[in-house]
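Presented below is the structure to which this report refers.
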Amino acid sequence: MRLTYFGHACFGVQTLGYRLVFDPFSPLIGYAPLATKADLVCISHENPKWHSHLESVAGDWTLYNALENVGQTWDFDGISLESFPVFEDWPDKGEPVGPNAMFKITSENLRILHMGDVGHALRNDYIEALGDVDIVMAPVGGPPTIALDALKAFLGELNPRMVLPMHYMVEGLQMSLKPLDTFLQLWDGRVERSNKSELELKMEDLPRETTLQLLEPLRFQG
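Residue numbers for the sequence shown follow numbering that gives the first Met the number 0, beginning at 0 and rising by one.
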């Protein structure tokens, strides 16, 4: 399996001969145009500027909208997908707003969770529902997504082998987020740095302890 970090919340995955793209963004957000191809496009919810700019993805692709498939197991020729409902905000007192979904794909014995646009702490029932997860694509820029202390606690409970940071501040981004360094200061686990945007993944090569794996966003214009 090969994984590419394009920037913001967008990743590409090549597995079983297919090309997958997660949460494609519009160039209006401050990154260079995505300009990639896919067989399967997975989105956490409909937000054409930040998470579902389908026009940026070429090819005769199939769309997987995680929010519309909550509670179902979806199969794409041997690639399994599940989704879990979350919100952009869920106050301690009040109704949740901004429905979206985390989604989990399983392929080549690897279980990958994309946390979508979650903006609230994740209770223990999420840990139980998610089951075993090897790799997490985690928003580390803080509000409007999940607070960093809540994210750290969630990752500690979930105990994945690898965490891939996403959704953080870079120069030129049209959103106010914290930079990656803010989460790095909070993180007290292992960190692996790479000056590349791609990563080859095999189950047998994953680290034994939870590792924060840093990738360079491919479409960063700075």
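Where a beta carbon is used, it is the ideal one built from N, C-alpha and C, also for glycine.
| said: On a Cα-Cα basis, can you pick out the residue from W60, T105, P47, L147 that is closest to L266? | reply: A query on residue 266 cannot be resolved here, the shown segment of the chain reaching from 0 to 221 and no further.
| query | For the putative contact between D59 and I42, defined by C-beta atoms under 8 Å, what is the C-beta separation to the nearest angstrom? | reply | Counting from 1 along the sequence shown, the entry for residue 59 is found at position 60. Counting from 1 along the sequence shown, the entry for residue 42 is found at position 43. Contact flag wrong, Cβ pair sits at about 17 Å.
| Do you know offhand how far N158's Cα is from V132's? | For the purposes of this step, residue 158 is identified with residue 159 of the sequence shown, where counting begins at 1. For the purposes of this step, residue 132 is identified with residue 133 of the sequence shown, where counting begins at 1. V132 has its alpha-carbon roughly 8 Å from the corresponding atom of N158.
| query | Rounded to a whole number of angstroms, what is the C-alpha to C-alpha distance between M136 and P90? | reply | Counted from its first residue, the sequence shown places residue 136 at position 137. Counted from its first residue, the sequence shown places residue 90 at position 91. Going from the Cα of M136 to the Cα of P90 covers about 23 Å.
| request: With DSSP collapsed to three states, give me the class of L205. | output: Against the sequence shown, residue 205 aligns to sequence position 206. L205 falls in the coil class under three-state DSSP.
| Mind checking N99: buried by the 16 CB within 10 Å criterion, or exposed? | The residue labelled residue 99 in the question sits at position 100 within the sequence shown. Classification of N99: buried, given that the 10 Å Cβ count is 16 or more.
| query | Would the beta-carbon of H44 fall within 7 Å of that of F24? | reply | Taking the first residue of the sequence shown as 1, we reach residue 44 at position 45. Taking the first residue of the sequence shown as 1, we reach residue 24 at position 25. Not in contact: H44 and F24 (Cβ atoms no closer than 7 Å).
| said: Taking 8 Å as the limit between beta carbons, can you name the residues of its chain near A149, skipping five residues before and five after? | reply: Translated into the one-based positions of the sequence shown, residue 149 becomes position 150. Around A149: H119, A120, L121.
| message | Using only the alpha-carbon positions, how far apart do A31 and G77 sit? | response | Here residue 31 is taken as the residue at index 32 of the sequence shown, counted from 1. Here residue 77 is taken as the residue at index 78 of the sequence shown, counted from 1. C-alpha separation (whole angstroms): 32 Å.
| query | Identify the residues that DSSP records as bridge partners of S106: which are they? | reply | Here residue 106 refers to the residue found at position 107 when the sequence shown is read from its first residue. According to DSSP, S106 bridges with L109.
| message | For a test of the three-state rule: what should DSSP assign to F219, helix, strand or coil? | response | One-based indexing of the sequence shown puts residue 219 at position 220. Of the three classes helix, strand and coil, the one that applies to F219 here is coil, per DSSP.
| said: Measuring straight from C-alpha to C-alpha, what distance separates M114 and H166? | reply: The residue given as residue 114 occupies position 115 in the sequence shown. The residue given as residue 166 occupies position 167 in the sequence shown. When the Cα atoms are used, M114 and H166 turn out to be separated by approximately 10 Å.
| message | Suppose the cutoff is 8 Å on Cβ atoms and the five residues either side in sequence are ignored; what does the same chain contact list for N123 look like? | response | One-based indexing of the sequence shown puts residue 123 at position 124. Counting only Cβ-Cβ distances below 8 Å, and skipping sequence neighbours, we find E156.
| field | C-alpha distance - V12 paired with R160, whole-angstrom precision | value | Locating residue 12 in the sequence shown gives position 13, where the first residue counts as 1. Locating residue 160 in the sequence shown gives position 161, where the first residue counts as 1. Taking the straight line from one Cα to the other gives about 18 Å.
| message | On a Cα-Cα basis, can you pick out the residue from H52, L109, E199 that is closest to L27? | response | Taking the first residue of the sequence shown as 1, we reach residue 27 at position 28. Sorting H52, L109, E199 by C-alpha distance to the C-alpha of L27 places H52 at the top.
| Nearest-angstrom Cβ-Cβ length linking L109 and M0, presumed shorter than 8 Å | To locate residue 109, count along the sequence shown from 1; it is residue 110. To locate residue 0, count along the sequence shown from 1; it is residue 1. Confirmed, Cβ separation roughly 6 Å.
| said: Just verifying my parser: in three-state terms, what is the DSSP assignment at A146? | reply: For the purposes of this step, residue 146 is identified with residue 147 of the sequence shown, where counting begins at 1. Of the three classes helix, strand and coil, the one that applies to A146 here is coil, per DSSP.
| query | Apart from the five residues on each side of it in sequence, which residues of its chain come closer than 6 Å, Cβ to Cβ, to A65? | reply | The residue you call residue 65 lines up with position 66 of the sequence shown. Take A65, set aside five residues on each side of it, and the residues of its chain with a beta-carbon closer than 6 Å to its own are S43, S82, A100, F102, in chain order.
| task | Please determine, among Y125, M168, Q173, the residue with the shortest C-alpha to C-alpha distance to A152. | result | Mapped onto the sequence shown, residue 152 falls at position 153. Comparing Cα-Cα distances from A152 to each of Y125, M168, Q173, the minimum goes to Y125.
| Taking Cβ to Cβ, would you say L200 is nearer than 7 Å to L2? | As a first step, residue 200 must be located in the sequence shown, where it is residue number 201. As a first step, residue 2 must be located in the sequence shown, where it is residue number 3. Cβ distance < 7 Å, so L200 and L2 count as in contact.
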